[in-house]
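Trainee: Numbering (the working numbering), first residue to last: 4 to 373.
Ideal placement from N, C-alpha and C gives every residue a C-beta, glycine not left out.
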Amino acid sequence: MNSEISSDSATEGKAELPLKVLIIGCGAVVEEYQGPAAREAERQGWLEVVGLVDRSEERLARCQSLFPSAKCYTDLDRAREADIALIATPARSHADLAISLLGRGYNLLVEKPICATAAEARTMRSEADRLGRMLAVGHFRRFFPAIETIRTMITSGVFGQVRRVVADEGGTFRWPAASAGFFTRQEGGGGVTLDIGIHMLEILVSWLGMPEVVDYADDAMGGVEINSAAKLRWPGGTEADIRLSWDVELANRYRVEFEKATVTWRTGQATDLVIEIDGVAIPQLATGRQQYGSTAEYSTPAHGYLGAFTAQWKDVVDAVRENRKPRVSGGTAMAALSLVETMYARKRLMDMPYFDPEESARAQQLVEAA
4 MNSEISSDSA TEGKAELPLK VLIIGCGAVV EEYQGPAARE AERQGWLEVV GLVDRSEERL
64 ARCQSLFPSA KCYTDLDRAR EADIALIATP ARSHADLAIS LLGRGYNLLV EKPICATAAE
124 ARTMRSEADR LGRMLAVGHF RRFFPAIETI RTMITSGVFG QVRRVVADEG GTFRWPAASA
184 GFFTRQEGGG GVTLDIGIHM LEILVSWLGM PEVVDYADDA MGGVEINSAA KLRWPGGTEA
244 DIRLSWDVEL ANRYRVEFEK ATVTWRTGQA TDLVIEIDGV AIPQLATGRQ QYGSTAEYST
304 PAHGYLGAFT AQWKDVVDAV RENRKPRVSG GTAMAALSLV ETMYARKRLM DMPYFDPEES
364 ARAQQLVEAA
């Protein structure tokens, strides 16, 4: 049924019909960002949200306030067909849902992380390719003009090679998680490294390719980590030092140290960069009018998080219509997840100087027993 819809919409006279979207999972990310962005995409005529799926009738009711004409379902099997499905459920359910929906003819936008394991991600990508369906992953920061501009600086070599990246991101945890499972390794899969770090790692992979994990440490002692730190190294010698936190206000910036300049991006700033040449800081707006390359086609200098989510919806719709890969397909998302897995496998306990020797020994026992 979905293939018929897509085929019809590609024919003359119907090319601009909005694609039908089914949203699966109506938790915080849909309430805060994906829902409002999809509503804006509806207003632009790019898509139509025709169905909402969640086990909680309360969450369905809140989400339906964004899409009054959408049908609500507590059972996915009863949901109406659509061209695109947004999977916004806990990560451990992503792979099974994706494989099933791809088999039913859906194109997919999957919230980050793409799934629970890199092996599952490979299966998802393989199945999407086999069936000729689009698979996009919700790494929305890739639609920040600042992120694309830095990527262009790197690939063009305008400032020479990248020597080092220093990236810190963190603060007091404020996300309105839908359930306590978010904070368990069994359901959530991990802590700050998986939650925030997956965005950071996906960006670094999109800029520089796949690195080696040189060192990784966090503070988990049987639960999920609240703080973590890692060192990465690329084949050409570029290194990255990263820090992540759910409870400490960090610098919240990425410093990219080139041979001829240093470029700083502050987390959450969609368009702003600072370029330092010979120690002189030069603020820049990463728009199409700057000399450092193109930006996200659907971005404007004023947009932030909501604009980036909306831009991704536009890219997803266009990818389906044009039968092409989306900007954020499964490749970099799978690579980022693979890096997280490697970090967890090589984990050592962070230095905690406030522990006395007995507490340190007990902490190490908890790590080894986990």
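#1: So, under 8 Å CB-CB, E114 and G141 are touching, yes? Tell me the CB distance rounded to an integer number of Å.
#2: From the DSSP output, read off the bridge partner residues of S159.
#3: Between R144 and the rest of its own chain, which residues show a CB-CB distance below 7 Å, the 5 nearest in sequence each way excluded?
#4: If you follow the alpha helix (DSSP H) that Y308 is part of, which residue opens it and which one closes it?
#5: In chain order, what residues of the same chain have a beta carbon less than 6 Å from the beta carbon of E123, not counting five sequence neighbours either side?
#6: Suppose contacts are defined by Cβ-Cβ distances below 7 Å. Is L2 in contact with P21 by that definition?
#7: Exposed or buried, E172, counting other C-beta atoms within 10 Å across all chains shown (16 or more means buried)?
#8: Look at A170 and Y257 and say whether their C-beta atoms are less than 7 Å apart.
#9: So what does DSSP say about L352, is it helix, strand or coil?
#10: Which residue spans inside the segment 82-121 form an unbroken beta strand (DSSP E) run of at least 3?
#11: Assuming the contact rule is C-beta atoms closer than 8 Å, A94 and T313 should be a hit. Round their C-beta distance to whole Å, please.
#12: Are the beta-carbon atoms belonging to A91 and G38 less than 7 Å from one another?
#13: Which residues does DSSP pair with R256 in a beta bridge?
#14: Within a Cβ cutoff of 7 Å, which residues of the same chain sit near A233, ignoring the five residues on either side of it in sequence?
#15: Taking C66 as part of the alpha helix (DSSP H), name the residues at either end of that continuous run.
#16: DSSP beta-bridge partners for F261?
#17: Rounded to the nearest angstrom, what separates R154 and K328 at their Cα positions?
#18: Check S363 in the structure and name its three-state DSSP category.
#19: Can you find the residues in the same chain that come closer than 6 Å, C-beta to C-beta, to V168, ignoring five residues on each side of it along the sequence?
#20: Within the continuous alpha helix (DSSP H) that includes P39, where are the two ends?
#21: Between M353 and I117, which are expected to be in contact by the criterion C-beta below 8 Å, what is the C-beta distance as a whole number of angstroms?
#22: To the nearest angstrom, how far is it from the Cα of R330 to the Cα of S231?
#23: Are the CB atoms of A264 and I278 nearer to each other than 7 Å?
#24: Keeping to the same chain, check which residues put their C-beta closer than 7 Å to that of M213; ignore five residues upstream and five downstream.
#25: Please look up how many angstroms separate the CB atoms of W316 and A31, rounded, as I've assumed it's under 8 Å.
#26: With DSSP as the reference, label D198 as helix, strand or coil.
#27: Would DSSP call S248 helix, strand or coil?
#28: Buried or exposed for V227, please, with buried defined as at least 16 other CB atoms from any protein chain shown within 10 angstroms of its CB.
#29: V208 and T335 look like a contact to me (Cβ under 8 Å); what is the Cβ gap, rounded to whole Å?
#30: Mapping DSSP to helix, strand and coil, what is S341?
#31: In the DSSP assignment, what are the bridge partners of G54?
Mentor: Reading off the structure:
#1: Contact annotation, E114 with G141: C-beta distance approximately 4 Å; criterion of less than 8 Å satisfied.
#2: In the DSSP output, where bridge partners are listed per residue, S159 has none listed.
#3: Correct list, in chain order: I150, H202, I206 and A311.
#4: Per DSSP, Y308 belongs to the alpha helix (DSSP H) from Y308 to E325.
#5: Close CB contacts of E123 within its chain, under the 6 Å cut and outside five residues either way in sequence, are with A98 (chain order).
#6: The structure shown does not extend to residue 2, since the chain spans only 4 to 373, so no value can be given for it.
#7: Looking at its Cβ environment, which holds 16 or more other Cβ atoms inside 10 Å, E172 is buried.
#8: Annotated as proximal: A170 and Y257, with beta-carbon spacing under 7 Å.
#9: When secondary structure is reduced to three states using DSSP, L352 falls in the strand class.
#10: List check, beta strand (DSSP E) in window: 87-90 and 110-113.
#11: Incorrect: roughly 23 Å between the Cβ atoms, too far for contact.
#12: In terms of Cβ geometry, A91 and G38 do not form a close pair [threshold 7 Å].
#13: Among the bridge pairs identified by DSSP, R256 is matched with D171 and R269.
#14: Cβ-Cβ distances below 7 Å link A233 to V216, D218, Y219, I245 and M346 in the same chain, with the five nearest sequence neighbours on each side left out; the list follows chain order.
#15: For C66, the uninterrupted alpha helix (DSSP H) segment begins and ends at E60 to Q67.
#16: Paired residues: V165.
#17: Their backbone Cα atoms lie some 19 Å apart in a straight line.
#18: Of the three classes helix, strand and coil, the one that applies to S363 here is helix, per DSSP.
#19: For V168, where only same-chain residues beyond five positions count, the Cβ hits under 6 Å are A243 and V259.
#20: Counting along the chain, the alpha helix (DSSP H) containing P39 begins and ends at G38 to R46.
#21: Not a contact, Cβ separation roughly 27 Å.
#22: Here the C-alpha atom of R330 lies approximately 29 Å from the C-alpha atom of S231.
#23: Yes; because the gap between Cβ atoms is below 7 Å, this pair is in contact.
#24: Its chain contains A338 as the residues whose beta carbon lies nearer than 7 Å to that of M213, once the 5 sequence neighbours on both sides are disregarded; these appear in chain order.
#25: Going by Cβ atoms, the distance from W316 to A31 rounds to 18 Å, so no, they are not a contact pair.
#26: In the structure shown, the three-state DSSP call for D198 is helix.
#27: Reduced to three states, the DSSP call for S248 is strand.
#28: By the neighbour-count rule (16 or more Cβ atoms within 10 Å), V227 is buried.
#29: For a cut-off of 8 Å, the C-beta gap from V208 to T335 is around 5 Å, short enough to register as a contact.
#30: Helix.
#31: L25 and K74.
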